[in-house]
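Asker: Okay, here's the structure, questions in a sec.
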Amino acid sequence: MLEIQVPEGSTAPGWIGTATVQYVDTGARENRSHEIALSDAATLAEETVTVHAVGLRTSEITFHALDDLYENDRDAAGQRLTQHIEVLKQVHRTLPAPEFVDDQVTIEKLLALAGTLGTTAAFSDSAVHATAPGIRGMNHFARVRSGFAAF
Numbered sequence: 037m038l039e040i041q042v043p044e045g046s047t048a049p050g051w052i053g054t055a056t057v058q059y060v061d062t063g064a065r066e067n068r069s070h071e072i073a074l075s076d077a078a079t080l081a082e083e084t085v086t087v088h089a090v091g092l093r094t095s096e097i098t099f100h101a102l103d104d105l106y107e108n109d110r111d112a113a114g115q116r117l118t119q120h121i122e123v124l125k126q127v128h129r130t131l132p133a134p135e136f137v138d139d140q141v142t143i144e145k146l147l148a149l150a151g152t153l154g155t156t157a158a159f160s161d162s163a164v165h166a167t168a169p170g171i172r173g174m175n176h177f178a179r180v181r182s183g184f185a186a187f
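Numbering (our numbering), first residue to last: 37 to 187.
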C-alpha cells in the first residue's frame with residue numbers, strides 16, 4: 037500500500053504527480069500498467085485496493101499450503117485451499133473482479149494437484165520427481181500473486 041503525506045496548502049493540481057502501477061495479468065500472460073494521478077484523488081479505488089489485498093492473501097494461503105505439503109500434511113493443505121476458494125467466491129459476490137474467478141480456478145487446480153503429490157503415474161516415475169513440478173508450480177503462483185515474480 038502506498039501512503040503519501042501532503043503538506044498543508046500543497047494541493048494544487050499536478051503538485052504530487054502520478055504513480056505507475058504495474059503488474060502481471062496471469063490469466064492473459066501480459067504485463068499491465070496503469071497511471072494514477074495522485075493529486076486528482078486522495079484515495080485509490082475500492083476495487084484496486086481489494087484486488088491487491090485479496091491477491092496478497094491468496095499468495096499467503098498458497099505458501100502456507102506449501103508448508104503443509106512440505107510437512108506431508110495433505111489434509112491441512114487441502115482444507116486451507118478449499119477454505120480460500122470459498123473466501124474468493126464470497127469476495128467475488130461483493131466485488132465481481134475477474135481476478136477472483138481466475139484465482140479460484142488456479143486454486144482448484146492446485147488443490148487437485150496437491151491431492152496427487154507423491155503418487156506414481158508411471159513405472160518410470162519416482163516419488164521425488166513426481167512431487168517437484170507440483171511444488172514448483174504452487175511456489176511460482178504464490179510469488180506471482182504477491183507481486184514478487186513475473187512470467
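Using N, Cα and C, we set each Cβ at its ideal position, and we do this for glycine too.
(1) Let me confirm a value: V90 is counted as buried when at least 16 other C-beta atoms fall within 10 Å, else exposed. Which label applies?
(2) In its own chain, which residues sit with a C-beta less than 7 Å from the C-beta of T54, not counting the 5 before and 5 after it?
(3) So what does D61 bridge to, in DSSP terms?
(4) Judging by CA-CA distance, which residue of I97, E66, S69, V57 is the nearest neighbour of D139?
(5) With a CB to CB cut of under 6 Å and the five nearest residues on each side skipped, what residues in its chain are close to V127?
(6) With a CB to CB cut of under 8 Å and the five nearest residues on each side skipped, what residues in its chain are close to G151?
(7) Can the beta-carbon of I171 be found less than 8 Å from the beta-carbon of E144?
(8) Ends of the alpha helix (DSSP H) at P134?
(9) Give the DSSP bridge partners of E71, in chain order.
(10) Take A101 and list the residues in its own chain whose beta-carbon comes closer than 6 Å to its own, dropping the five residues that flank it on each side.
(11) In this structure, does DSSP put A112 in helix, strand or coil?
Answerer: In brief:
(1) Taking the sequence shown and counting its residues from 1, one reaches residue 90 at position 54. It counts as buried.
(2) Here the question's residue 54 lines up with position 18 in the sequence shown. Same-chain partners within the cutoff: E71, I72, A73, L74.
(3) Position 25 of the sequence shown, counted from the first residue, corresponds to residue 61. D61 pairs with E66.
(4) Here residue 139 refers to the residue found at position 103 of the sequence shown. Taking only the C-alpha atoms, the option nearest D139 is I97.
(5) As a working note, residue 127 is residue 91 in the sequence shown. Here the set comprises V90, F136.
(6) By one-based count along the sequence shown, residue 151 stands at place 115. Result list for G151: R110, G114, in chain order.
(7) For the purposes of this step, residue 171 is taken as residue 135 along the sequence shown, with counting starting at 1. For the purposes of this step, residue 144 is taken as residue 108 along the sequence shown, with counting starting at 1. No. Outside cutoff.
(8) What you label residue 134 is simply residue 98 of the sequence shown in a count that begins at 1. 134-152 is the span of the alpha helix (DSSP H), which, as asked, contains P134.
(9) For the purposes of this step, residue 71 is taken as residue 35 along the sequence shown, with counting starting at 1. Per DSSP, T56.
(10) The residue labelled residue 101 in the question sits at position 65 within the sequence shown. Around A101: A113, R116, L117.
(11) As a working mapping, residue 112 is identified with position 76 in the sequence shown. Looking at A112 - three-state DSSP - the assignment turns out to be helix.
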